[in-house]
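**Student:** The structure follows.
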Amino acid sequence: MSITHHKYLRFNHPGKKILLLSYEDLPTNCKVCFKGAMSSPMFIALINTKSGGNVGSYLLSRFKEILDEERVYNINADGGPGRALKEHLHTENLRIIACGGDGTVGWILSEMDKLSYPDSACIPSIGIIPLGTGNDLSRSLNWGGKYRDKPLRKVLLDIAKADVVDLDRWSLLVTPRDVIMDDKLLDEDDLMFGTVAKSDDNLPLNVVNNYFSVGIDAHIALQFHKARNNNPEHFYVPNSKSSILWTRRRKGSIQTTAYGAHSVLFLNIKSYAGGTKPWNRKNGTQDIADGLLEVVAMDNLDLAILHAGGSGTSVCQCREAVITSNKPLPMQIDGEPCMMRPCQIVIRGLGSKVKMLARNKTATYAVKDAEIENWAAKKIQRMTF
Numbered sequence: 000m001s002i003t004h005h006k007y008l009r010f011n012h013p014g015k016k017i018l019l020l021s022y023e024d025l026p027t028n029c030k031v032c033f034k035g036a037m038s039s040p041m042f043i044a045l046i047n048t049k050s051g052g053n054v055g056s057y058l059l060s061r062f063k064e065i066l067d068e069e070r071v072y073n074i075n076a077d078g079g080p081g082r083a084l085k086e087h088l089h090t091e092n093l094r095i096i097a098c099g100g101d102g103t104v105g106w107i108l109s110e111m112d113k114l115s116y117p118d119s120a121c122i123p124s125i126g127i128i129p130l131g132t133g134n135d136l137s138r139s140l141n142w143g144g145k146y147r148d149k150p151l152r153k154v155l156l157d158i159a160k161a162d163v164v165d166l167d168r169w170s171l172l173v174t175p176r177d178v179i180m181d182d183k184l185l186d187e188d189d190l191m192f193g194t195v196a197k198s199d200d201n202l203p204l205n206v207v208n209n210y211f212s213v214g215i216d217a218h219i220a221l222q223f224h225k226a227r228n229n230n231p232e233h234f235y236v237p238n239s240k241s242s243i244l245w246t247r248r249r250k251g252s253i254q255t256t257a258y259g260a261h262s263v264l265f266l267n268i269k270s271y272a273g274g275t276k277p278w279n280r281k282n283g284t285q286d287i288a289d290g291l292l293e294v295v296a297m298d299n300l301d302l303a304i305l306h307a308g309g310s311g312t313s314v315c316q317c318r319e320a321v322i323t324s325n326k327p328l329p330m331q332i333d334g335e336p337c338m339m340r341p342c343q344i345v346i347r348g349l350g351s352k353v354k355m356l357a358r359n360k361t362a363t364y365a366v367k368d369a370e371i372e373n374w375a376a377k378k379i380q381r382m383t384f
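In numbering that gives the first Met the number 0, the protein residues as written are 0 to 384.
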């Protein structure tokens, strides 16, 4: 059997060729692996070649071999994902393959926010090939924390069979506060490291896709960010002695609570800091589309044992939160850290959700491929021995 139309994804086999990017002309015995699909999805690959070392560049060349070249985009060379999204503004059932970290996905979503789609069917859904480190959104959607050696044909089959799920997003509204910052409000770390002079008036991002946090974890991320960019041979992170005062809104009432915590975390997804699970499931079910943030308070010990399976103090689930600070505090949004001047921050749902692709772990495929079978055999051997 040979199908040679250029718009199909090419699957090469000894003596035959199976093409799976569109389904209209596929024989029945091939369509069975996509049973139940309402319409034929079309794929484009948006690749951040700066992510994951040389892996991004490798995926760029490999995708050009598998997909039509005009459907493969180097978003660094293009100045961002905007060009690709505009070219497919009227394409229905579009599935984007985002190759990069969570920041790459956030970049794509921020560019989508600028567009006016003619119909809901034209709003693309996003699958992820995770590159680099962290990748908590990718982990939460079952794509794993890092792309390794999985054949791209298998990845594309996973994208085709993935479930479309909604993802909440949250806005951050910052209002500066005119607070006289005398020595009573500043601790030793503030005075020693000059955080007042170095603090910012604005957050690096104003939309939360993954999580928002205030405290020592953001401080560590900020110090690491500065050390990596400016002086990698010297790295020092002081311990914060201050507690965090924050406000939450729940069931129509406003409550102000002081916790002896070093960090307060607002989670939109299940994974945090490279795969940890700070929220205790006994305190409520997490869902990325339920319109709720999970609020977790953590001290230094909680942070230390997260990667050993520990969790923080699960405070509540809320639809809106107001954070008021009377001194500079370290904060991070989806891994982007900063030191914020005294301010009030309102976290509120955007009102609209985005469509993501969650890998279906139980999906099976009728199509056979030698490369996929060899990869699966090697994976089983590694698990066995």
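Note that CB positions come from ideal geometry on N, CA and C, so glycine has one too.
Source: prediction; values computed, not measured.
Chain C beta carbons: is any one of them nearer than 7 Å to that of residue 274?
**Tutor:** In the displayed structure, chain C is absent; only one protein chain is listed.
**Student:** Which term fits residue 205, buried or exposed, when burial requires 16 or more other beta carbons within 10 angstroms of its beta carbon?
**Tutor:** With fewer than 16 other Cβ atoms within 10 Å, it is exposed.
**Student:** Report, in whole angstroms, the separation of the C-beta atoms of residue 94 and residue 356, which I expect to be a contact under 8 Å.
**Tutor:** Yes, residue 94 and residue 356 are in contact; Cβ-Cβ is about 7 Å, under 8 Å.
**Student:** Can you say whether residue 349 is buried or exposed, counting buried as having 16 or more other CB atoms within 10 angstroms of its CB?
**Tutor:** With fewer than 16 other Cβ atoms within 10 Å, it is exposed.
**Student:** Less than 7 Å between the beta carbons of residue 295 and residue 270, yes or no?
**Tutor:** No, they are not a contact pair.
**Student:** Could you check which residue in 201, 123, 281 and 66 has the C-alpha nearest to that of residue 172?
**Tutor:** Checked all of 201, 123, 281 and 66; the closest Cα to residue 172 is 201.
**Student:** Expressed to the nearest angstrom, what Euclidean distance is found between the alpha-carbon atoms of residue 157 and residue 58?
**Tutor:** Whole-angstrom Cα-Cα distance: 16 Å.
**Student:** Classify residue 303: buried if its beta carbon has 16 or more other beta carbons within 10 angstroms, exposed otherwise.
**Tutor:** With fewer than 16 Cβ atoms within 10 Å of its Cβ, residue 303 is classed as exposed.
**Student:** Locate the beta strand (DSSP E) running through residue 357, then write down its first and last residues.
**Tutor:** Where residue 357 is concerned, the enclosing beta strand (DSSP E) stretches over 353 to 357.
**Student:** Note down the Cα distance separating residue 52 from residue 60, rounded to an integer number of angstroms.
**Tutor:** Rounded to the nearest angstrom, the two C-alpha atoms are 14 Å apart.
**Student:** Determine the DSSP secondary structure at residue 340, reduced to helix, strand or coil.
**Tutor:** Here residue 340 sits in coil by DSSP.
**Student:** Between the segment 61 to 74 and the segment 113 to 122, do at least 3 Cβ pairs fall closer than 8 Å?
**Tutor:** At 8 Å Cβ cutoff, the stretches do not touch.
**Student:** Per DSSP, what kind of secondary structure is residue 126 in: helix, strand or coil?
**Tutor:** Residue state, collapsed to three classes: strand.
**Student:** Return the Cβ separation of residue 277 and residue 292 in integer angstroms, given the expectation that the two are a contact with Cβ distance under 8 Å.
**Tutor:** Actually they are not in contact, since the Cβ atoms of residue 277 and residue 292 sit about 12 Å apart, beyond 8 Å.
**Student:** Could you check whether residue 209 and residue 261 sit closer than 7 Å to each other, using their CB atoms as the reference points?
**Tutor:** The answer is no: Cβ separation not under 7 Å.
**Student:** If we require 3 or more residues per run, which beta strand (DSSP E) segments fall completely within the segment 81 to 167?
**Tutor:** Correct list: 93 to 99, 124 to 129 and 162 to 166.
**Student:** Using the Cα positions of residue 289 and residue 332, report the straight-line distance between them to the nearest angstrom.
**Tutor:** The alpha-carbon atoms of residue 289 and residue 332 are separated by roughly 20 Å.
**Student:** Got a sec, what are the start and stop residues for the alpha helix (DSSP H) residue 290 sits in?
**Tutor:** Run containing residue 290: none; DSSP gives neither H nor E here.
**Student:** Take residue 111 as the anchor and find which of 353, 360 and 361 has the nearest alpha-carbon.
**Tutor:** The candidate whose alpha carbon is nearest that of residue 111 is 353.
**Student:** Three-state secondary structure (DSSP) at residue 316?
**Tutor:** Residue state, collapsed to three classes: strand.
**Student:** Could you spell out where the beta strand (DSSP E) holding residue 66 opens and where it closes?
**Tutor:** Residue 66 -> no beta strand (DSSP E), and no H or E assigned at all.
**Student:** Just verifying my parser: in three-state terms, what is the DSSP assignment at residue 192?
**Tutor:** Low confidence applies here, because residue 192 scores a pLDDT of 41, under 50, leaving its location unreliable; read the following figure in that light. Note: residue 192 maps to helix in three-state DSSP.
**Student:** Let me make sure I understand the geometry here. Which of 159, 114, 310 and 328 has the alpha-carbon closest to that of residue 214?
**Tutor:** For the residues 159, 114, 310 and 328, the minimum Cα distance to residue 214 belongs to 328.
**Student:** CA-CA distance, residue 321 and residue 330?
**Tutor:** Approximately 14 Å, taken between the alpha carbons.
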